[in-house]
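Heads up: the structure comes next, in structure tokens.
2 protein chains.
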Amino acid sequence: MDNKFSPAEIIILGIDPGLAVTGWGIIHVHGQSLTAIGSGQIKTTTKETRSARLGKIALQIRSIIKEYSPTEVAVEQQFVAKNVRSAMAIGEARAAAMIAAADFSLPVYEFAPKSIKEAVAGFGNATKEQVQQMVFMQLEISEAVKSFDVSDAFAVALTRFADANLELAMVRE
Amino acid sequence: MDNKFSPAEIIILGIDPGLAVTGWGIIHVHGQSLTAIGSGQIKTTTKETRSARLGKIALQIRSIIKEYSPTEVAVEQQFVAKNVRSAMAIGEARAAAMIAAADFSLPVYEFAPKSIKEAVAGFGNATKEQVQQMVFMQLEISEAVKSFDVSDAFAVALTRFADANLELAMVRE
Chain C
49 MDNKFSPAEI
59 IILGIDPGLA
69 VTGWGIIHVH
79 GQSLTAIGSG
89 QIKTTTKETR
99 SARLGKIALQ
109 IRSIIKEYSP
119 TEVAVEQQFV
129 AKNVRSAMAI
139 GEARAAAMIA
149 AADFSLPVYE
159 FAPKSIKEAV
169 AGFGNATKEQ
179 VQQMVFMQLE
189 ISEAVKSFDV
199 SDAFAVALTR
209 FADANLELAM
219 VRE
Chain R
49 MDNKFSPAEI
59 IILGIDPGLA
69 VTGWGIIHVH
79 GQSLTAIGSG
89 QIKTTTKETR
99 SARLGKIALQ
109 IRSIIKEYSP
119 TEVAVEQQFV
129 AKNVRSAMAI
139 GEARAAAMIA
149 AADFSLPVYE
159 FAPKSIKEAV
169 AGFGNATKEQ
179 VQQMVFMQLE
189 ISEAVKSFDV
199 SDAFAVALTR
209 FADANLELAM
219 VRE
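Protein chains in written order, with this note's numbering: chain C, 49 to 221; chain R, 49 to 221.
Given below as structure tokens:
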């Protein structure tokens, strides 16, 4: 079995990508115990060119990867958008996260918002607040995380943890 | 005046981004004379993960930039898509091109398909074949470029050239 999937070894970088704000959160997994070891927001403004904004997001995610050495990356995979233009912007920001991960040959796992809500809050129609509350409880944090961008990033990392746990349980059976 | 905008110094990398096929073409500008100095296609398949595909596109564009040292990058900016999902894929591929350019601090110019058709073929409703014919004539190439992905990449580079030429004419007035 690949050591990468041993719970003792997992460090998951969760990313909630957005052109204006990209949230990120890192969880370290020791057996069944989880610790939040880093989080933050990458912000860009419309004063920068589109290329500069995307370059900044990719560059900062690369820095985060260098600093925390995650073993895998989990990205929120939004499938819904108001219109074509906003869908393109979502795709662009997501690409910045995926390219940064690919630069370090890290596996990337994508999860739809509904799967994240189900995994973290127990039901697919959970509100953003309910998801955030569950993230706070599971990771025993609250003060550090005020923005939904960051709690959503932790939520997708937790979803990957739940998934990896399931894979592991199946291997053990 | 910034030397970068002197026609003698311009090397333009044109990119027609796509997740399955990204076309690229490089033109070297000496005064009013243009030479195609390189072109190709970056292909990815659905057998690779999305992250691997985007990482490959970004990586190959970085290699092209290292080899040809373009002074600027011109990217086709599609605004229309069949649906949200294809819009996201377009955005992702475009981001790979823009992030590679940002990694080298190269200026990126975006042009809508209609502007490219107007600049290259003289009218916004030109067909792909007409645009390709004009690209062949202006760059005195034909054998080397068989795919629309490549001729479209040259077309966006030529559009940037026409634009830069105009800027220069305005500076000289």
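Where a beta carbon is used, it is the ideal one built from N, C-alpha and C, also for glycine.
Identity of the residues DSSP links to residue i by a beta bridge
{"i": "Gly71(C)", "result": "Asp64(C) and Gln89(C)"}
{"i": "Ser81(C)", "result": "His78(C)"}
{"i": "Glu158(R)", "result": "Val123(R)"}
{"i": "Ile58(C)", "result": "For Ile58(C), which the question treats as bridged, DSSP gives no partner whatsoever."}
Own chain partners of residue i with C-beta closer than 8 Å, once the 5 adjacent residues on each side are dropped
{"i": "Asp197(C)", "result": "Asp64, Gly66, Val69, Thr70, Gly71 and Gln89"}
{"i": "Val183(R)", "result": "Val168, Ile189, Val193, Ser199, Phe202, Ala203 and Leu206"}
{"i": "Asn173(R)", "result": "Lys165"}
{"i": "Val179(C)", "result": "Ile164, Lys165, Val168, Ala169, Ser199, Asp200 and Ala203"}
{"i": "Arg208(R)", "result": "Ile60, Gly62, Glu120, Ala122, Tyr157 and Phe159"}
{"i": "Ser87(R)", "result": "Gly71, Trp72, Gly73, Ile74, Ala192, Val193, Val198, Ala201 and Phe202"}
{"i": "Glu115(C)", "result": "Gly86"}
Contact with chain R by residue i, beta-carbon distance below 8 Å
{"i": "Ser99(C)", "result": "yes"}
{"i": "Asp211(C)", "result": "no"}
{"i": "Leu61(C)", "result": "no"}
{"i": "Gly71(C)", "result": "no"}
{"i": "Arg133(C)", "result": "yes"}
{"i": "Ile147(C)", "result": "yes"}
Proximal residues of chain R, C-beta to C-beta of residue i below 7 Å
{"i": "Glu177(C)", "result": "What Glu177(C) touches in chain R: nothing, since even the nearest Cβ is about 26 Å away."}
Within chain C, the residues that residue i reaches when beta carbons sit closer than 8 Å
{"i": "Val156(R)", "result": "Thr97, Arg98 and Ser99"}
Contacts of residue i in chain R (Cβ-Cβ under 9 Å)
{"i": "Phe159(C)", "result": "Near Phe159(C) there are no residues of chain R at all, since even the closest Cβ is about 13 Å away, more than 9 Å."}
{"i": "Phe127(C)", "result": "Val132, Arg133 and Met136"}
6 Å CB neighbourhood of residue i in its chain, flanking five on each side removed
{"i": "Gln181(C)", "result": "none"}
{"i": "Glu124(R)", "result": "Asp64 and Val204"}
{"i": "His76(R)", "result": "Ile59, Thr83 and Ile85"}
{"i": "Glu158(C)", "result": "Val123 and Gln125"}
{"i": "Val121(R)", "result": "Leu61, Ala149, Leu154 and Val156"}
{"i": "Ala135(C)", "result": "Ala129"}
{"i": "Lys91(R)", "result": "Val69"}
{"i": "Lys162(C)", "result": "Gly172"}
{"i": "Phe152(C)", "result": "Ile113"}
Below-8 Å beta-carbon distance, residue i vs any chain C residue
{"i": "Val204(R)", "result": "no"}
{"i": "Ile138(R)", "result": "yes"}
{"i": "Arg142(R)", "result": "yes"}
{"i": "Phe53(R)", "result": "Model confidence at Phe53(R) stands at a pLDDT of 48, short of 50, so the residue's coordinates are unreliable; what they give is reported in the following sentence. Cβ-Cβ to chain C under 8 Å: no for Phe53(R)."}
{"i": "Met49(R)", "result": "Note that Met49(R) has pLDDT 41, beneath the 50 cutoff, so the model's placement of it is unreliable and no number is given."}
Close beta carbons around residue i, own chain, < 7 Å, minus the five adjacent residues each side
{"i": "Ala210(C)", "result": "Ala167"}
{"i": "Pro118(R)", "result": "Ile59, Ile60, Leu61, Ile74 and Leu154"}
{"i": "Ala148(R)", "result": "Ala106, Ile109, Arg110 and Ile113"}
{"i": "Ala137(R)", "result": "Leu67"}
{"i": "Ala100(C)", "result": "none"}
{"i": "Lys176(C)", "result": "Phe196"}
{"i": "Ala141(C)", "result": "Pro65, Gly66, Leu67, Thr70 and Ile105"}
{"i": "Ala160(C)", "result": "Gln125 and Phe127"}
{"i": "Asn51(R)", "result": "Per-residue confidence for Asn51(R) stands at a pLDDT of 43, beneath the threshold of 50, marking its modelled position as unreliable; no derived number is given."}
Under 9 Å by beta carbon: chain D residues contacting residue i
{"i": "Asp151(C)", "result": "In the structure shown, chain D cannot be found, because the protein chains are C and R."}
Contact belief for residue i with residue j at Cβ below 8 Å, rounded distance in angstroms
{"i": "Met146(R)", "j": "Leu102(C)", "result": "5 Å"}
{"i": "Thr94(C)", "j": "Val156(R)", "result": "Contact doesn't hold; Cβ gap of about 16 Å is too wide."}
{"i": "Ala143(C)", "j": "Gly170(R)", "result": "About 34 Å; that fails the 8 Å criterion."}
{"i": "Val132(C)", "j": "Ala150(R)", "result": "Not a contact, Cβ separation roughly 23 Å."}
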